[in-house]
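When you read off a place in the sequence shown, starting at 1, and then add 7, the result is the number in the numbering used here.
Where a beta carbon is used, it is the ideal one built from N, C-alpha and C, also for glycine.
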Amino acid sequence: MNSYSIIPTRIPLPMNISVNQNPNHMLKSCSINARKQTSSTVKPYLNCQMELKISSCFLLVSFSSFLFGLLHPIPVSGQCLNDQKSLLLALKNDLKFDPSLSTKIVGWNESLDCCHWGGVACDKAGQVTRLDISNESISGGIDGSSTLFGLSFLQSLNLADNSFNSAQLPSGFGKLTVLSYLNLSNSNFQGQVPGDFSLMKRLVTLDLSSSPYYTL
Numbered sequence: 008m009n010s011y012s013i014i015p016t017r018i019p020l021p022m023n024i025s026v027n028q029n030p031n032h033m034l035k036s037c038s039i040n041a042r043k044q045t046s047s048t049v050k051p052y053l054n055c056q057m058e059l060k061i062s063s064c065f066l067l068v069s070f071s072s073f074l075f076g077l078l079h080p081i082p083v084s085g086q087c088l089n090d091q092k093s094l095l096l097a098l099k100n101d102l103k104f105d106p107s108l109s110t111k112i113v114g115w116n117e118s119l120d121c122c123h124w125g126g127v128a129c130d131k132a133g134q135v136t137r138l139d140i141s142n143e144s145i146s147g148g149i150d151g152s153s154t155l156f157g158l159s160f161l162q163s164l165n166l167a168d169n170s171f172n173s174a175q176l177p178s179g180f181g182k183l184t185v186l187s188y189l190n191l192s193n194s195n196f197q198g199q200v201p202g203d204f205s206l207m208k209r210l211v212t213l214d215l216s217s218s219p220y221y222t223l
């Protein structure tokens with residue numbers, strides 16, 4: 008009876024890879040051939056060839072998709088609703104701020120999805136749930152009629168590190184009934200905290216630090 012032995016370290020594995028216009032799956036064909044020698048011994052050898060056929064078009068699309076994914080990550084939030092965008096654009100127009108010092112508000116553009124604007128985050132339904140316009144050199148533009156208070160789905164609002172020039176803390180915050188986080192630190196508001204703050208039943212964090220002019 009003939010005996011066979013395979014020594015892995017001596018097995019040649021030639022590989023041919025080609026790209027053509029027909030997008031096929033990887034085809035792998037391996038054959039083990041044995042040739043008998045005159046001494047009645049058999050020396051098997053393994054000859055495997057792998058052919059990878061991927062269309063150039065498929066390569067281009069895949070690479071383009073990869074680059075797009077790196078530059079434009081898929082957002083967790085939904086697409087911004089038109090009423091939410093309108094409220095934010097109206098707020099931008101009302102706010103007094105220095106565009107040269109702004110890194111968020113200055114980039115709010117009607118042509119873009121507002122859920123991707125700086126300082127803005129949305130839920131899956133496209134409602135604005137977080138607004139962070141801290142340190143935006145804002146000096147005014149928020150009063151009781153501000154469109155800010157029309158963003159009724161806000162859960163987090165950060166107005167810290169702006170200078171509202173000792174303006175009265177406006178009423179209107181009570182309309183943000185689902186707000187759980189409100190940061191007014193270093194914002195230079197003054198006056199009595201409006202009574203409608205008590206309407207924010209879900210408020211967990213209220214930061215009024217470094218603003219010595221508030222009275223409760």
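The closest CA to that of D168, considering only K131, S216 and I149, is found on S216.
Collapsing the DSSP output to three states places C87 in coil. Here A97 carries a helix assignment [DSSP, helix/strand/coil].
If you draw a straight line from the Cα of A174 to the Cα of S144, it comes to about 15 Å. DSSP lists F104 as the bridge partner or partners of I145.
Checking the DSSP bridge columns, you'll see Q197 partnered with Q175. Cβ neighbours of T110 within its own chain (closer than 7 Å, five residues either side excluded): G125.
Between L138 and V127 the beta-carbon gap is near 6 Å, inside 8 Å, which marks them as a contact. Per DSSP, V135 is one residue of the beta strand (DSSP E) stretching across V135 to D139.
Between T212 and S187, the C-beta spacing is below 9 Å.
With fewer than 16 other Cβ atoms from the protein chains shown falling within 10 Å of its own Cβ, G151 counts as exposed. For A128, the enclosing beta strand (DSSP E) stretches over residues V127 to C129. Annotated three-state conformation of D150 is coil, per DSSP.
Taking the C-beta atoms as reference points, S178 is found nearer than 9 Å to D203. Contact between G147 and F171 holds, since their C-beta atoms are separated by about 6 Å, short of 8 Å. For the pair L191 and L176, the CB atoms are nearer than the 9 Å cut-off.
In the DSSP assignment, N116 falls outside any beta strand (DSSP E) and carries neither an H nor an E.
The three-state reading of DSSP puts S170 in coil, since its state is none of H, G, I, E or B. Under the three-state reduction of DSSP output, S216 falls in the coil class, being neither helix nor strand. As DSSP reads the structure, L164 sits in a beta bridge with L138 and L189. In this structure, DSSP gives K182 a helical state, which the three-state scheme calls helix.
Contact between T154 and D101 holds, with the beta-carbon distance rounding to 7 Å and staying under 8 Å.
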